[in-house]
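Protein chains: 2
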Amino acid sequence: MTDALPLLQQLIDALKALPGVGPKTAQRMAFQLLERNRDGGKALGDALLKAMEHIGHCAQCRTFSETELCAICRDVERGQSSLLCVVGSSADLQAIEQTGQFDGRYFVLMGQLSPLDGIGPAELGLDVLEQQLNAGNIEEVILATNQTVEGEATAFYIAELCHRRQITVSRLAQGVPFGGELEYLDGSTLSYAFSGRKSF
Amino acid sequence: MTDALPLLQQLIDALKALPGVGPKTAQRMAFQLLERNRDGGKALGDALLKAMEHIGHCAQCRTFSETELCAICRDVERGQSSLLCVVGSSADLQAIEQTGQFDGRYFVLMGQLSPLDGIGPAELGLDVLEQQLNAGNIEEVILATNQTVEGEATAFYIAELCHRRQITVSRLAQGVPFGGELEYLDGSTLSYAFSGRKSF
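Chains as they are written, first to last, in our numbering: chain A, 7 to 206; chain B, 7 to 206.
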């Protein structure tokens with residue numbers, strides 16, 4: 007079977023490049039597209055080739071962009087904003103954009119400091135960030151990296167860069183999530199929520 | 007964001023054509039490919055375009071094939087076998103092939119009789135199957151359609167075609183699955199297992 011259908015087998019193997027897709031799911035996807043949605047399959051093939059070829063990184067904030075500057079950095083108001091939000095990935099940027107709460111600009115690290123994996127300041131483009139901090143028009147840096155060990159380490163490192171330049175730094179609030187029930191909350195979150203309590 | 011990245015948005019939308027992939031998963035897949043596996047993404051794009059373009063159906067058994075006859079039908083021994091196994095889909099065929107238990111040929115219905123969805127005998131290529139039954143070199147037909155209402159209806163219909171031509175028909179055994187514990191088995195399976203019991 008597999009000898010006779012190299013194209014089908016090639017497709018199933020190629021689908022395994024997608025995160026969370028194993029051999030069984032890949033086979034189901036291939037059959038589904040072949041049986042019911044060849045147009046969708048062709049469109050996906052086209053979109054993949056174009057995206058892999060033409061999507062690069064924004065020269066200012068490093069997020070994915072097919073133009074030299076992304077839409078936010080091109081925006082007259084936002085692109086030169088004095089408020090800079092540092093996020094770990096383009097997905098995080100998108101999550102913040104969807105809240106509609108932030109109207110400054112971003113810097114996307116495309117990762118987190120992780121010396122054991124060989125990811126140091128250079129890999130995260132922190133030299134580019136330093137240049138932007140040196141340029142002098144940034145007043146506040148909001149650290150929106152993940153609340154994980156690597157995310158915290160990255161935040162500390164960037165906070166240090168800002169302190170040296172007398173730039174205000176803030177970190178996203180930690181505490182009880184919206185709709186969270188105390189009973190089911192983990193101890194660390196609850197401790198943070200206690201130590202970070204606000205007058206009411 | 008979405009305005010500035012039509013290619014990224016196009017890719018995310020296109021990924022939703024895959025079964026079980028919603029907007030969040032599609033976004034994760036797109037970012038993963040762009041960040042870590044552009045080569046895999048390109049290979050997938052290529053494989054999709056080639057597969058959607060070139061994979062058709064085998065002229066004899068109707069399974070997916072990029073050549074006129076699939077490997078099994080081209081095989082000198084198997085292609086003219088007097089043992090024909092009728093399955094519902096190419097995935098079912100592949101599952102049976104993986105057991106290595108069957109060395110006859112197949113007929114793939116690419117669906118099941120379902121009049122309410124407009125799937126009748128013609129849509130399943132049962133006219134093609136009838137021609138093959140008329141050709142006279144088939145001695146036994148094994149019905150390996152699903153054990154569902156539609157699968158049973160399809161099996162009955164094909165059994166009727168065979169009976170009219172005095173061709174032996176058999177159906178896959180129903181019963182307790184391998185490793186199955188009686189305690190957790192549904193009542194229907196257990197009844198079938200009882201009525202189909204064999205001397206030991």
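Heads up, the beta-carbon is just placed ideally off N, CA and C, and yes, glycines get one too.
(1) Using alpha carbons as the reference points, say which of B/Thr195, B/Cys67 and B/Asp52 lies closest to aspartate 81 of chain B.
(2) Starting from histidine 169 of chain B, find everything on chain A with Cβ-Cβ shorter than 7 Å and list it in chain order.
(3) Beta-carbon of isoleucine 164 of chain B versus every beta-carbon of chain A: anything under 8 Å?
(4) Between serine 95 of chain A and tyrosine 198 of chain A, what straight-line distance do the alpha-carbon atoms span, to the nearest angstrom?
(5) Hey, leucine 149 of chain B and serine 176 of chain B are a contact pair by Cβ (cut 8 Å); roughly how many whole angstroms apart?
(6) Under 8 Å by Cβ, that's how I've got isoleucine 173 of chain B and leucine 139 of chain B pegged, so tell me the actual separation to the nearest angstrom.
(7) So what does DSSP say about glutamine 91 of chain A, is it helix, strand or coil?
(8) What's the gap between the Cα of glutamine 107 of chain A and the Cα of leucine 99 of chain A?
(9) Hey, out of A/Val182, A/Asp45, A/Gln153 and A/Gly142, whose CA is closest to cysteine 168 of chain A's CA?
(10) Looking only at DSSP bridge pairs, what is valine 175 of chain A linked to?
(11) Could you pull the DSSP bridge partners for glycine 62 of chain B from this structure?
(12) At which residues does the beta strand (DSSP E) containing glutamate 114 of chain A begin and terminate?
(13) Taking DSSP's pairing of strands, which residues face isoleucine 125 of chain B in a bridge?
(14) From serine 87 of chain B to isoleucine 78 of chain B, what does the alpha carbon distance come to, in whole angstroms?
(15) Is leucine 24 of chain A helix, strand or coil when you go by DSSP?
(16) I'd like to know whether the C-beta atoms of leucine 50 of chain B and isoleucine 61 of chain A end up nearer to each other than 8 Å.
(17) By alpha-carbon positions, which one of A/Leu178, A/Arg170 and A/Arg171 ends up nearest to glutamate 158 of chain A?
(18) If you compare alpha carbons, which of B/Glu103, B/Val92 and B/Gly181 is closest to threonine 160 of chain B?
(19) DSSP on leucine 130 of chain A, reduced to helix/strand/coil?
(20) Cβ atoms of glutamate 145 of chain B and glutamine 118 of chain B: under 8 Å apart, would you say?
(21) Check the C-beta distance from alanine 65 of chain A over to leucine 14 of chain B and give it rounded, since I have them as a contact under 8 Å.
(22) Which residue comes first and which comes last in the alpha helix (DSSP H) that contains cysteine 79 of chain B?
(23) Excluding sequence positions up to five away, which residues of its chain have a Cβ less than 8 Å from the Cβ of arginine 171 of chain B?
(24) Sorted by chain position, which residues of the same chain lie with C-beta nearer than 8 Å to isoleucine 125 of chain A's C-beta, five sequence neighbours on each side aside?
(25) Mind listing the chain B neighbours of leucine 17 of chain A? Cutoff is C-beta to C-beta under 7 Å, in chain order.
(26) The alpha helix (DSSP H) with aspartate 192 of chain A in it runs from where to where?
(27) For the putative contact between alanine 20 of chain B and alanine 53 of chain A, defined by C-beta atoms under 8 Å, what is the C-beta separation to the nearest angstrom?
(28) So is cysteine 122 of chain B buried or exposed if we call it buried at 16+ other beta carbons inside 10 Å?
(29) What do you get for threonine 151 of chain A, buried or exposed, if any count of 16 or more other CB atoms within 10 angstroms of its CB means buried?
(30) Going by the CB atoms, is the gap between phenylalanine 37 of chain B and alanine 97 of chain A shorter than 8 Å?
(31) Of the residues B/Asn43, B/Leu17 and B/Pro127, which one's Cα is nearest the Cα of threonine 31 of chain B?
(32) What would DSSP say about arginine 170 of chain B, mapped onto helix, strand or coil?
(33) Would you say arginine 111 of chain B and leucine 90 of chain B are within 8 Å of each other, going by their C-beta atoms?
(34) Could you give the distance in angstroms between the alpha-carbon of glycine 47 of chain B and the alpha-carbon of glycine 193 of chain B?
(35) Which chain B residues sit within Cβ distance under 9 Å of glutamate 41 of chain A?
In terms of the structure at hand:
(1) B/Cys67
(2) Within chain A, no residue comes near histidine 169 of chain B; the closest Cβ sits about 30 Å away, beyond 7 Å.
(3) no
(4) 24 Å
(5) 7 Å
(6) 6 Å
(7) According to the sequence as given, residue 91 of chain A is cysteine; it is not glutamine. Correct three-state label for cysteine 91 of chain A: strand.
(8) 12 Å
(9) A/Gly142
(10) A/Val147
(11) B/Ser71
(12) For clarity, residue 114 of chain A is valine in the given sequence; the question names glutamate instead. Taken as a continuous stretch (DSSP letters only), the beta strand (DSSP E) holding valine 114 of chain A covers 111-114.
(13) B/Ser120
(14) 10 Å
(15) coil
(16) no
(17) A/Leu178
(18) B/Val92
(19) coil
(20) no
(21) That pair is no contact at about 17 Å.
(22) 77-80
(23) Leu139 and Asn140
(24) Gly117, Gln118 and Leu119
(25) Ala53, Leu54 and Ala57
(26) No alpha helix (DSSP H) contains aspartate 192 of chain A, which DSSP labels as neither H nor E.
(27) 4 Å
(28) For clarity, residue 122 of chain B is leucine in the given sequence; the question names cysteine instead. Result: exposed.
(29) buried
(30) yes
(31) B/Leu17
(32) helix
(33) yes
(34) 47 Å
(35) Phe70, Ser95, Ser96, Met116 and Gly117
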